[in-house]
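Residue numbers (our numbering): 255 to 408. Cβ atoms here follow ideal geometry from the backbone N, Cα and C, with glycine treated the same way. What follows is one structure encoded as C-alpha cells, with my remarks underneath.
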C-alpha cells in the first residue's frame, strides 16, 4: 500500500503494518489508522514517527518509554484490555508520544497517557494512567545532559 504524506512524501507499507485506534488518540479522535515510520532511516534512533493514514500532515514522534525510563510501570483496566484484545496477545507493546522543542535536549514524553498496542491484532489505544507518578511532560534526557547542552549553547 502507499500513502502520500506531507513530511515523508510517498510511503509504502503493508496492510498488516497499520495500527488501528478505534477511538483515535486524545484530541484526534477521527484519526484511527496509523503506521510507524523510522525517525531517520540512516541512523539508529529510539524515536519513530506515528504517521496518520487519514491526514497527510499529521505525524507524532513516539518512542519506547523503557529506552528512557527502564522502571516505567503501567496497567490496563479490564475494559482497556478488551479494547486491545489483550487476551489474544502474548504481550502488549507500549509507546509514548514525544514533544521535541527547538532545544531538542528539552524533549519530553507523555508517560501519563501511553499508547498500548496488541502486536498480533494491531489494535491500539491511548490510555490515561491513574497515577501521580508520571505526567504528560516528563523530560527524556537527564538534568545534567540538558544543563550541559544549555551551557554549551551560551
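Measure the beta-carbon distance from residue i to residue j and round it to whole angstroms, keeping in mind my assumption that it falls under 8 Å.
{"i": "residue 283", "j": "residue 376", "result": "That pair is no contact at about 19 Å."}
{"i": "residue 373", "j": "residue 349", "result": "Wrong, their Cβ atoms sit about 12 Å apart, outside the cutoff."}
{"i": "residue 365", "j": "residue 326", "result": "7 Å"}
Is residue i helix, strand or coil by DSSP?
{"i": "residue 266", "result": "strand"}
{"i": "residue 316", "result": "strand"}
{"i": "residue 378", "result": "strand"}
{"i": "residue 258", "result": "strand"}
{"i": "residue 402", "result": "helix"}
Taking C-alpha atoms, which residue in the options lies nearest to residue i?
{"i": "residue 315", "options": "391, 381, 396, 363", "result": "363"}
{"i": "residue 288", "options": "337, 325, 266, 299", "result": "266"}
{"i": "residue 317", "options": "304, 391, 272", "result": "304"}
Rounded to whole angstroms, what is the Cα-Cα separation between residue i and residue j?
{"i": "residue 415", "j": "residue 361", "result": "One cannot answer for residue 415 here, as it falls past the ends of the chain, which runs 255 to 408."}
{"i": "residue 379", "j": "residue 395", "result": "26 Å"}
{"i": "residue 330", "j": "residue 308", "result": "27 Å"}
Just to confirm my understanding: we take residue i, look at its own chain, exclude 5 residues before and 5 after, and list those with CB closer than 7 Å. What are they?
{"i": "residue 264", "result": "256, 258"}
{"i": "residue 279", "result": "285, 380"}
{"i": "residue 399", "result": "359"}
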